[in-house]
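Read through the structure below, which is laid out as structure tokens, and then see the notes.
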Amino acid sequence: MSLRKLLAAGLAATMFSTTAFAETNITWWHAMGGQLGETVNKIATDFNASQDEYKITPVFKGTYEEALTAGIASFRAGEHPNILQVFDAGAATVIGAKGATVPVEDLLNENGVKFDINDYIAGVRYFYADANGKMIGMPFNSSTPIMYFNEEALAKAGVSAPKTWEEFAETTAPALKEAGYIPLAQSHLPWIFTENFFSRHNLEFATNNNGYDEGVTEIKVNTPEIKAHFTALKEWKDAGLFEWYGTGWGDNQNPFEEEKVAIWLGSSGSFGGLKEKVGFKFSATLLPYWEGVTKEPKQTFIGGAALFAMAGKSAEENKATAEFFQYLTSPEVQYMWHKETGYVPVTEAAYELAKEDGYYKESPAAEVGIQQLQLPAGEWTKGYRMGFYVQIRDVMNREYGRILTGETSVEDAFATIEKESNALLARFAKTQG
210 MSLRKLLAAG LAATMFSTTA FAETNITWWH AMGGQLGETV NKIATDFNAS
260 QDEYKITPVF KGTYEEALTA GIASFRAGEH PNILQVFDAG AATVIGAKGA
310 TVPVEDLLNE NGVKFDINDY IAGVRYFYAD ANGKMIGMPF NSSTPIMYFN
360 EEALAKAGVS APKTWEEFAE TTAPALKEAG YIPLAQSHLP WIFTENFFSR
410 HNLEFATNNN GYDEGVTEIK VNTPEIKAHF TALKEWKDAG LFEWYGTGWG
460 DNQNPFEEEK VAIWLGSSGS FGGLKEKVGF KFSATLLPYW EGVTKEPKQT
510 FIGGAALFAM AGKSAEENKA TAEFFQYLTS PEVQYMWHKE TGYVPVTEAA
560 YELAKEDGYY KESPAAEVGI QQLQLPAGEW TKGYRMGFYV QIRDVMNREY
610 GRILTGETSV EDAFATIEKE SNALLARFAK TQG
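All you need for the working numbering is the position in the sequence shown, starting with 1, plus 209.
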């Protein structure tokens, strides 16, 4: 064989080898900064090392809002990632954008990955599903609001963590104030004291099946139950039993870490950070409820975000995304994510693995969020789906601040929230035609 033929044969063999073993590359845009971002990078690195067919590259895109904005702009330009992390309040925007995503349930089934929605823990299953129960987004960093408390503060006051708001107002709060503490703070009025108020008490939050069904949805926030709750909050604040430090999450969490506030309502996903930062013993329990509203409190909604498989990608890339989702939801990876971050493991198998490993004997507070999400469900507990909900939360935050600073009445604030929110929902409905 001539030298030219030998070189040609060698080049062809090299090209065939490269083609046969080339990795399929996919990208994952996310909003996990700091330590959470490092854990995201570890998941990606470990997935890449676990096989040689696919490579995923995570890209930090800023805040939740910035990541969503970047994702929408990139899709319009045809330069979108394979996977986009979208937070709870932005889910309706992405799900409502026709043709923007491939439902994760379809993606997995079409690529030979076993899927059963009942494998996911109860409170997680349907939040990112459609009205028929098909999962659209893959739950990722899932959390729920729970009640953290300073064990020493409660012991000093001679009280236990309250199960109901009546118990808090009548017994717990006065004793904690007498012991020298601000009894209560919370870090997200729309999430904790609105969305999850409706879920915990099994109250309808919006028309059209809490927004899951098609049509012009209207929010049902202007109701006697929640107005009574905010009336109580203002009274507690005036009496020194509750403090509000503005809309910043950390601004309300810091006084708890500084041992000024005895009880703090925050995310179950905050557990890992608290464990690392505080020097006192703390624990956690379920979010209180009003016994005057219900004697059968239900599970809460999840918060956090989901991962959406973006449409318009090749079959090979979709296969890679499906394989990554299978890896991500494996019991071992979910358990690692749960331990490292405090977010709940999204599958029953991962939860069982954590229990078998004795994790909750070591850290019982880490299980509270899961226990709350596993409480009995009700007609209105699977979640909500409302467009322009980021802006609706802004309206809520503005009016709640005005209530707590005495600038407006509870009645006027909720009338304003209802009016402005429904105007936003009507605008969103027009974009869905």
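From the three backbone atoms N, C-alpha and C, an ideal C-beta is built for every residue, glycine too.
Note that the coordinates shown come from a computational prediction; the quantities given were computed from them, not determined experimentally.
Taking the C-alpha atoms as reference points, what is the distance between F637 and E629?
12 Å
In three-state DSSP terms, what is H289?
coil
For the segment 489-506 against the segment 382-389, are there 3 or more C-beta pairs whose distance is under 8 Å?
no
With 16 other Cβ atoms within 10 Å as the buried cut-off, status of S352
buried
Under the rule that 16 or more other beta-carbon atoms within 10 Å means buried, what is T640, buried or exposed?
exposed
Hey, T556 and T538: beta-carbon distance below 7 Å or not?
In this structure, T538 lies closer than 7 Å to T556 by Cβ.
Start and end residues, alpha helix (DSSP H) containing G243
That run of the alpha helix (DSSP H) goes 243-259.
Taking the C-alpha atoms as reference points, what is the distance between Q535 and K528?
Rounded to whole angstroms, Q535 to K528 spans 11 Å at the Cα level.
As an exercise, report each continuous alpha helix (DSSP H) stretch of at least 4 residues that is fully enclosed by the segment 352-427, in chain order.
360-366, 382-387, 405-409, 416-419
For N461 and D261, I'd like the C-alpha separation in whole angstroms.
46 Å
Please classify K532 as buried or exposed, where buried requires at least 16 other C-beta atoms within 10 Å of its C-beta.
It should be noted that the sequence gives Glu, not Lys, for residue 532. By the 10 Å Cβ count, E532 comes out buried.
Cβ pair count under 8 Å reaching 3, the segment 569-582 against the segment 330-346
yes
If we count Cβ pairs, one from each stretch, closer than 8 Å, do we get three or more for the segment 473-488 versus the segment 343-361?
yes
Let's test the definition: count the other Cβ atoms within 10 Å of the Cβ of G455 and tell me whether it reaches 16, buried, or not, exposed.
exposed
Leaving aside the five residues before and after F225 along the sequence, list all residues of the same chain whose C-beta is less than 6 Å from its C-beta, in chain order.
Annotation note: pLDDT 46 at F225 (below 50); position unreliable, no value reported.
Would you call the segment 543-550 and the segment 313-328 in contact, with 3 or more CB pairs under 8 Å?
no
Under the rule that 16 or more other beta-carbon atoms within 10 Å means buried, what is S369, buried or exposed?
exposed
Classification of S259 by the beta-carbon crowding that lies within 10 angstroms, buried from 16 upward:
exposed
Between which two residues does the beta strand (DSSP E) harbouring M519 extend?
512-519
If you run the structure through DSSP and keep just helix, strand and coil, what is K591?
coil
Quick one: Cα of S523 to Cα of T233, how far?
10 Å
Could you give the first and the last residue of the continuous alpha helix (DSSP H) run that contains V534?
In the sequence on display, residue 534 carries Phe and not Val. 524-537 is the extent of the alpha helix (DSSP H) around F534.
Whether V502 touches H410 by CB criterion (7 Å):
Yes, they are a contact pair.
As an exercise, report each continuous alpha helix (DSSP H) stretch of at least 4 residues that is fully enclosed by the segment 431-497, in chain order.
Segments of the alpha helix (DSSP H) lying fully in the segment 431-497: 433-447, 458-466, 480-486.
Beta-carbon within less than 7 Å of I265's beta-carbon, same chain only, minus the 5 sequence neighbours each way: which residues are those?
I235, W237, A253, F256, N257, F533
Which listed residue (S572, Q395, F284, T550) has its alpha carbon closest to that of G457
Q395
From E360, W499, E608, M344, residue whose alpha carbon lies closest to that of A622:
E608
Let me check you understand the geometry: is the CB of E576 closer than 6 Å to at least one non-hydrogen atom of the ligand SAM?
Annotation note on the ligand SAM: not contained in the displayed structure, which lists no ligands.
State the Cα-Cα distance for the pair S408 and G587, rounded to the nearest angstrom.
8 Å
Can you give me the C-alpha to C-alpha distance between P573 and G271, rounded to a whole angstrom?
32 Å
Could you spell out where the beta strand (DSSP E) holding P540 opens and where it closes?
Element bounds for P540: not the beta strand (DSSP E) but the alpha helix (DSSP H), 540-550.
Between V311 and A520, is the Cβ-Cβ spacing less than 7 Å?
yes
T640, enclosing alpha helix (DSSP H) - first and last residue:
619-640
Can you round the beta-carbon distance between I412 and I511 to whole angstroms, since I take them to be within the 8 Å contact cut?
Note that residue 412 is Leu in the sequence shown here, rather than Ile. Their Cβ separation, rounded to whole angstroms, is 18 Å, which puts L412 and I511 out of contact at 8 Å.
Use the C-beta contact count for Q602: other C-beta atoms within 10 angstroms, 16 or more gives buried, fewer gives exposed.
This sequence places Arg at residue 602; Gln is not what is there. The residue is buried, with at least 16 neighbouring Cβ atoms inside 10 Å.
Excluding sequence positions up to five away, which residues of its chain have a Cβ less than 6 Å from the Cβ of V470?
Hits under 6 Å: I391, A394, P464.
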